[in-house]
Amino acid sequence: MERNHLISLRLGFSTVEAENIQKNGVSDFISRQLEAKHKLEVPDFMANSPKSLNEIQEIKKKVRKVREEINKINFKLNKVGFQWKAFLVQRCFETENPLREKINLFFHNHFVVSLQTVKVPYWIYQHYNSINSHSMGNYKNLVKEMVYSNALIFYLNNQKNRKGKINENLGRELLELFTLGEGNYSENDIKNAALSLAGLGNGKDKGKYIPKFKDNSTKTFLGKSGDFIIDDVIDIIFEQENTPYFLAEKVLKWFYYDDPSDELIKQHGDILKKNNFELKPFFEAVFLIESEKNIIGTHIKNPLEFIIQVYKDLNMDPNFKFMSHFIKNQAMDLYDQPNVKGWKGGQSWLTTQIYADRNQFMDIIINGNKKYEQQLMIRLKKYDVGTIQFNPTLDIKDKTDANTILHELTERMIFETNADMKSDLDELLKYDFDPSSENADKSILKVYHYLSKTPEFQLI
Amino acid sequence: MNRRKFIQLTASATGGFLVLPSFLTAQDLLNFESDETNENRLVFIQLNGGNDGLNTFIPYDNPLYYSNRPRIGISKDKIINPINGMAFHPALKDFGTISQEGNLTVVQNVGYPNPNRSHFRSQEIWQTASDSKQFLDYGWLGRYLDIQCNDGMLPSVNLGSIDNLALKASMANGITLRDVNRAKKNSLIDFERKLTDNPQLDFVRKIQQASIEGMNEINEAYKNAKNFNETYANNGLAKNLESIAKLIKGNLGSKVYYTSLGGFDTHTNQAQQQYKQLKTVNDAVYSFYSDLKVNNILDRVTLVIFSEFGRRVHENGSGTDHGTAGPMFIIGGKNKGKVLGKNPDLENLSKGDLIYDIDFRSVYAALLKDKFSFDPKRININSNALKGIF
Numbered sequence: 010m011e012r013n014h015l016i017s018l019r020l021g022f023s024t025v026e027a028e029n030i031q032k033n034g035v036s037d038f039i040s041r042q043l044e045a046k047h048k049l050e051v052p053d054f055m056a057n058s059p060k061s062l063n064e065i066q067e068i069k070k071k072v073r074k075v076r077e078e079i080n081k082i083n084f085k086l087n088k089v090g091f092q093w094k095a096f097l098v099q100r101c102f103e104t105e106n107p108l109r110e111k112i113n114l115f116f117h118n119h120f121v122v123s124l125q126t127v128k129v130p131y132w133i134y135q136h137y138n139s140i141n142s143h144s145m146g147n148y149k150n151l152v153k154e155m156v157y158s159n160a161l162i163f164y165l166n167n168q169k170n171r172k173g174k175i176n177e178n179l180g181r182e183l184l185e186l187f188t189l190g191e192g193n194y195s196e197n198d199i200k201n202a203a204l205s206l207a208g209l210g211n212g213k214d215k216g217k218y219i220p221k222f223k224d225n226s227t228k229t230f231l232g233k234s235g236d237f238i239i240d241d242v243i244d245i246i247f248e249q250e251n252t253p254y255f256l257a258e259k260v261l262k263w264f265y266y267d268d269p270s271d272e273l274i275k276q277h278g279d280i281l282k283k284n285n286f287e288l289k290p291f292f293e294a295v296f297l298i299e300s301e302k303n304i305i306g307t308h309i310k311n312p313l314e315f316i317i318q319v320y321k322d323l324n325m326d327p328n329f330k331f332m333s334h335f336i337k338n339q340a341m342d343l344y345d346q347p348n349v350k351g352w353k354g355g356q357s358w359l360t361t362q363i364y365a366d367r368n369q370f371m372d373i374i375i376n377g378n379k380k381y382e383q384q385l386m387i388r389l390k391k392y393d394v395g396t397i398q399f400n401p402t403l404d405i406k407d408k409t410d411a412n413t414i415l416h417e418l419t420e421r422m423i424f425e426t427n428a429d430m431k432s433d434l435d436e437l438l439k440y441d442f443d444p445s446s447e448n449a450d451k452s453i454l455k456v457y458h459y460l461s462k463t464p465e466f467q468l469i
Numbered sequence: 052m053n054r055r056k057f058i059q060l061t062a063s064a065t066g067g068f069l070v071l072p073s074f075l076t077a078q079d080l081l082n083f084e085s086d087e088t089n090e091n092r093l094v095f096i097q098l099n100g101g102n103d104g105l106n107t108f109i110p111y112d113n114p115l116y117y118s119n120r121p122r123i124g125i126s127k128d129k130i131i132n133p134i135n136g137m138a139f140h141p142a143l144k145d146f147g148t149i150s151q152e153g154n155l156t157v158v159q160n161v162g163y164p165n166p167n168r169s170h171f172r173s174q175e176i177w178q179t180a181s182d183s184k185q186f187l188d189y190g191w192l193g194r195y196l197d198i199q200c201n202d203g204m205l206p207s208v209n210l211g212s213i214d215n216l217a218l219k220a221s222m223a224n225g226i227t228l229r230d231v232n233r234a235k236k237n238s239l240i241d242f243e244r245k246l247t248d249n250p251q252l253d254f255v256r257k258i259q260q261a262s263i264e265g266m267n268e269i270n271e272a273y274k275n276a277k278n279f280n281e282t283y284a285n286n287g288l289a290k291n292l293e294s295i296a297k298l299i300k301g302n303l304g305s306k307v308y309y310t311s312l313g314g315f316d317t318h319t320n321q322a323q324q325q326y327k328q329l330k331t332v333n334d335a336v337y338s339f340y341s342d343l344k345v346n347n348i349l350d351r352v353t354l355v356i357f358s359e360f361g362r363r364v365h366e367n368g369s370g371t372d373h374g375t376a377g378p379m380f381i382i383g384g385k386n387k388g389k390v391l392g393k394n395p396d397l398e399n400l401s402k403g404d405l406i407y408d409i410d411f412r413s414v415y416a417a418l419l420k421d422k423f424s425f426d427p428k429r430i431n432i433n434s435n436a437l438k439g440i441f
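Chains A and B, in that order, give the protein sequences. So in the numbering used here, spot 218 of the first sequence is number 227, and the numbers just go up one at a time. So in the numbering used here, spot 238 of the second sequence is number 289, and the numbers just go up one at a time.
Okay, here's the thing in structure tokens:
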């Protein structure tokens, strides 16, 4: 695979940035992406949806427990959730800063909250908005921001964490999953973190301490004592040895390797530490250093990377609701991870069923199946999915002959070739193939079809 | 459990209705017809590159043959099994044996009107049974299987690494396997096995093998066939035919099997190159033939060998250029063991090429009609079935 295409796929969702990377260089690409003002405006369907649990309860009260009416309200909320998922796919698809969306998705899988549990779609939007506005700032601020997120507070039941009735859920995950990692704290530290969180419940735009539920005793956390609130606890967390390495490892796993070496984690963690947890220089260093390496085929494409690449390669009109549904079936349900740990990633992205589905999807796109398109539209009609159509076309820069076409496609699509594959490709597009003949485009699509089903296409 | 039900189940288990298309067409499935009592099996060997027919089944009695081919013509003292002015290439000595045993039909001068000399296009034409200027999306065997394939069975098996257009169906898509043994070895059971230096690639390859639909049926048939032990020649084509024979002996329900061999595009150095390829074909086919015979299934297995075109009558240096018509070979399946059609007419040529005599679609029609009792017109093969094969 041509290097710029690889970088474009790893730092985005398709190969469309390859040309830009080639023209201006990797470091220019990375720094432009990281510097960009990556805006997020509240989409209409979200702006018009209830802003809090209270508001939803008020609406439900008005219909006086009429089951049907309640169902309608729930369905409407569900639909907003569905639209939100499609909206995120759309952002990833249309953005000029795919790297920023990829970082956002990383954090959304780090500070997990789910639509199913949280029930207020608007809170989910705010959660993403916080990530988007802080992902280039300081990691410590991002963690503080997250702990005050209504969605996260509700997802981890902190609204029930009250003085005298401590709920440890958020406190535990803050240490175990968000910052330190297991083995770097004691059960007692969890208890004291939870005490510091007591009374932090849902507020208007973000969480707030409710004085009567707050615990004002002296807490002892990782060797320090005081009447801490959670901000103090987070300050202490960021003095701990493992904090930078914990994040570095997860970032390396999201972007590059299932099992990064200790040296590599140390190298990048050190950079984060040296920069006082400023995320921008840290990310910049990770991407620059890893882009220089000659390592390839280490990372299984996640469903979003898979489908956006295919859509863009084949110039298909995107239907974001369908796409978000597709990735849901591929076990990547945006803002609805199966549990607080988030998607495991790596090899868990592929099972026999998921792989068979990916291949079958390619069959349907390339061979055409009108019935399937119609069936999908009927099935997703209640979510106003609109038209689902797959009309693949493929742009080839150099259509001189079979060789140039095969070369271009393999360089764009797969990380390595082998002798068997080469002979298959020569069979598929024989040397006397005439690119100007009537059926030529279909034949070139067959090459795409073949390559897209190879194991090599699953890896970047 | 029947196959489509199984697919439904796995689909609902994952909530993945991407597997739906197979049963979306449930309406069509209700109408399917199948003849399970028909135990006939068709096996195809496609010779890729355009096998030179004139040097395969040789008009040794025609002086024009030698005058057109002073360099690559095959001398009379080397030919095998002369019949009525025609004889086999020296590499095909076992074809002579099969012919003498009455189990080989040769159909001469097979082609189609307005021949296309592009490998690519001509293969498409043969695979879809289209007219020269017609483009069809599905293969001729695929179209047949769409109509007449039992819900519970794997429609077809293609031994090779790329899908074959001839088998492409709208519903009844079969399985393409590079190597049955390898597929078994790479299965999930053997997850520790190292295939490449890249553990991620290894992982995906294993998942790939396991995700191939139809692998269960294949494994089952392989198990059933364990007691039959035949020795095959040592070449790739022979391995593929051995796998096909095993699947048939193991009672796999699939009616159609396909494999191919490349290397017939002999623009230069034809003498050595074609000898080598035909020797491979000879050895592989004879192993297959002997296996079927010993196991008493030759009568229900029909092997068909063809190429997308023959080659120019006049040699060009040490080789030949793309041409048109050529012979087809049919082995087993109770064929009558004759040579059908006229010997090649080397006098009346079109642009230096043979003018076809028998349309390949009339051979296809005969296969469908005589072996599967199926009316070929239903899949738009309108040629009359060629008489005299079976």
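Just so it is clear, CB atoms sit at the ideal spot from N, CA and C, and this is done for glycine as well.
Quiz prompt | With 16 other Cβ atoms within 10 Å as the buried cut-off, status of residue 181 of chain A | solution = Residue 181 of chain A is buried by the Cβ-count criterion.
Exercise. Could you give the DSSP three-state label for residue 410 of chain B: helix, strand or coil?
Key: Three-state result, residue 410 of chain B: strand.
Self-check item: chain A contact residues for residue 213 of chain B, given Cβ-Cβ distances below 9 Å
Solution: Those are 433, 434, 436, 437, 455, 459, listed as they occur along chain A.
Quiz item: Do you know how far the Cα of residue 326 of chain B is from the Cα of residue 286 of chain B?
Solution: So the two alpha carbons sit approximately 14 Å from each other.
Practice problem: Please state if the CB of residue 192 of chain A and the CB of residue 262 of chain A are separated by a distance shorter than 9 Å. | Solution: In this structure, residue 192 of chain A does not lie closer than 9 Å to residue 262 of chain A by Cβ.
Quiz prompt | residue 142 of chain B classed as buried or exposed, judged by whether at least 16 other C-beta atoms fall within 10 angstroms | solution = By the neighbour-count criterion, in which 16 or more other beta carbons inside 10 Å mark a residue as buried, residue 142 of chain B falls on the buried side.
Quiz item: Are three or more beta carbon pairs between the region 22-42 of chain A and the region 75-94 of chain A nearer than 8 Å?
Solution: No, because fewer than three Cβ pairs between the region 22-42 of chain A and the region 75-94 of chain A fall closer than 8 Å, the two stretches do not touch.
Quiz item: What residues in the region 296-307 of chain A bring their beta carbon closer than 7 Å to a beta carbon of chain E?
Solution: Included in the structure are the protein chains A and B, with no chain E among them.
Self-check item: Own chain, CB closer than 6 Å to residue 27 of chain A, minus 5 neighbours either side, in chain order
Solution: Hits under 6 Å: 13, 14, 17.
Quiz item: If we cut at 9 Å on Cβ distances, does residue 90 of chain A have a partner in chain B?
Solution: Answer no: the Cβ-Cβ gap between residue 90 of chain A and chain B never drops below 9 Å.
Quiz item: Taking just the CA atoms, how far does residue 169 of chain A sit from residue 405 of chain A?
Solution: Taking the straight line from one Cα to the other gives about 58 Å.
Practice problem: Note down the Cα distance separating residue 105 of chain A from residue 362 of chain A, rounded to an integer number of angstroms. | Solution: Annotation: residue 105 of chain A to residue 362 of chain A spans about 33 Å, alpha carbon to alpha carbon.
Quiz item: Three or more C-beta pairs closer than 8 Å, one from the region 338-349 of chain B and one from the region 357-367 of chain B: is that the case here?
Solution: Between the region 338-349 of chain B and the region 357-367 of chain B, the count of C-beta pairs closer than 8 Å stays below three; the two stretches do not touch.
Quiz item: Which residue's Cα is closest to the Cα of residue 139 of chain A: A:127, A:334, A:152?
Solution: A:152 is the residue among A:127, A:334, A:152 whose C-alpha sits nearest the C-alpha of residue 139 of chain A.
Quiz item: Is it true that the region 267-278 of chain A meets the region 310-319 of chain A, where meeting means three or more beta-carbon pairs spaced less than 8 Å apart?
Solution: When C-beta atoms of the region 267-278 of chain A are compared with those of the region 310-319 of chain A, fewer than three pairs fall below 8 Å, so the two segments do not count as touching.
Quiz item: Is residue 227 of chain A buried or exposed, if buried means 16 or more other CB atoms sit within 10 Å of its CB?
Solution: Exposed is the call here.
Quiz item: Looking at the structure shown, is residue 209 of chain B part of a helix, part of a strand, or coil, going by DSSP?
Solution: The answer is strand: DSSP assigns residue 209 of chain B an E or B state.
Self-check item: Inter-stretch contact (C-beta, 8 Å, three-pair minimum) for the region 391-400 of chain A and the region 324-333 of chain A
Solution: With a cut-off of 8 Å on Cβ pairs, the region 391-400 of chain A is in contact with the region 324-333 of chain A, counting three or more such pairs.
Quiz item: Do residue 223 of chain B and residue 265 of chain B have their C-beta atoms within less than 9 Å of each other?
Solution: In this structure, residue 223 of chain B keeps its C-beta atom at 9 Å or more from the C-beta atom of residue 265 of chain B.
Self-check item: Residue range of the unbroken beta strand (DSSP E) whose run includes residue 139 of chain B
Solution: Start and end: 137-139.
Quiz item: Comparing the C-beta of residue 344 of chain A with each C-beta of chain B, is any distance below 9 Å?
Solution: Cβ-Cβ to chain B under 9 Å: no for residue 344 of chain A.
Quiz prompt | Beta-bridge pairing of residue 174 of chain A - partner residues as DSSP gives them | solution = Residue 174 of chain A pairs with A:171.
Quiz prompt | Contacts of residue 447 of chain A in chain B (Cβ-Cβ under 8 Å) | solution = Contact of residue 447 of chain A with chain B by beta-carbon distance below 8 Å involves 186.
Self-check item: Cβ-based contacts, 9 Å cut-off: residues of the region 149-179 of chain B near chain A
Solution: Using a CB distance below 9 Å, the part of the region 149-179 of chain B facing chain A consists of 168, 169, 170, 171, 172, 174, 175, ordered along the chain.
Quiz prompt | The alpha helix (DSSP H) enclosing residue 456 of chain A, as first and last residue numbers | solution = Counting along the chain, the alpha helix (DSSP H) containing residue 456 of chain A begins and ends at 449-461.
Quiz item: Applying a beta-carbon distance threshold of less than 9 Å, which residues of chain A neighbour residue 291 of chain B?
Solution: Result: empty, since nearest Cβ-Cβ is about 14 Å, beyond 9 Å.
Quiz prompt | Where the alpha helix (DSSP H) through residue 278 of chain A begins and ends | solution = It spans 271-283 - the alpha helix (DSSP H) in which residue 278 of chain A sits, taken as one unbroken run.
Quiz item: Counting Cβ pairs, one atom from each stretch, are 3 or more of them under 8 Å apart for the region 343-351 of chain A and the region 121-128 of chain A?
Solution: They touch, by the three-pair rule.
Quiz item: Using a Cβ-Cβ cut-off of 6 Å (strictly less than) and excluding sequence neighbours within five positions of residue 430 of chain B, which residues of its own chain qualify?
Solution: Same-chain partners within the cutoff: 194, 195.
Quiz item: Rounded to a whole number of angstroms, what is the C-alpha to C-alpha distance between residue 387 of chain B and residue 156 of chain B?
Solution: Approximately 7 Å, taken between the alpha carbons.
Exercise. In the DSSP assignment, find the alpha helix (DSSP H) that holds residue 299 of chain B and state where it starts and stops.
Key: According to the DSSP assignment, residue 299 of chain B belongs to the alpha helix (DSSP H) that extends over 287-300.
Quiz item: What beta strand (DSSP E) runs, 3 residues minimum, are completely inside the region 330-399 of chain B?
Solution: For secondary structure counted as the beta strand (DSSP E) over 3 or more consecutive residues, the region 330-399 of chain B holds these complete runs in sequence order: 352-358, 377-383.
Practice problem: Just mark residue 164 of chain B as buried or exposed, buried being the case when its beta carbon has 16 or more other beta carbons within 10 Å. | Solution: Exposed is the label assigned to residue 164 of chain B, since fewer than 16 other Cβ atoms lie within 10 Å of its Cβ.
Self-check item: Members of the region 249-261 of chain B near chain A, C-beta cut-off 8 Å
Solution: Taking 8 Å as the Cβ-Cβ cut-off against chain A, the residues of the region 249-261 of chain B that qualify are 249, 251, 252, 254, 255, 256, 258, 259, 261.
Quiz prompt | residue 118 of chain B (DSSP reduced to helix, strand or coil) | solution = Residue state, collapsed to three classes: helix.
Practice problem: Indicate the three-state DSSP secondary structure (helix, strand or coil) for residue 174 of chain B in the structure shown. | Solution: Helix, per DSSP.
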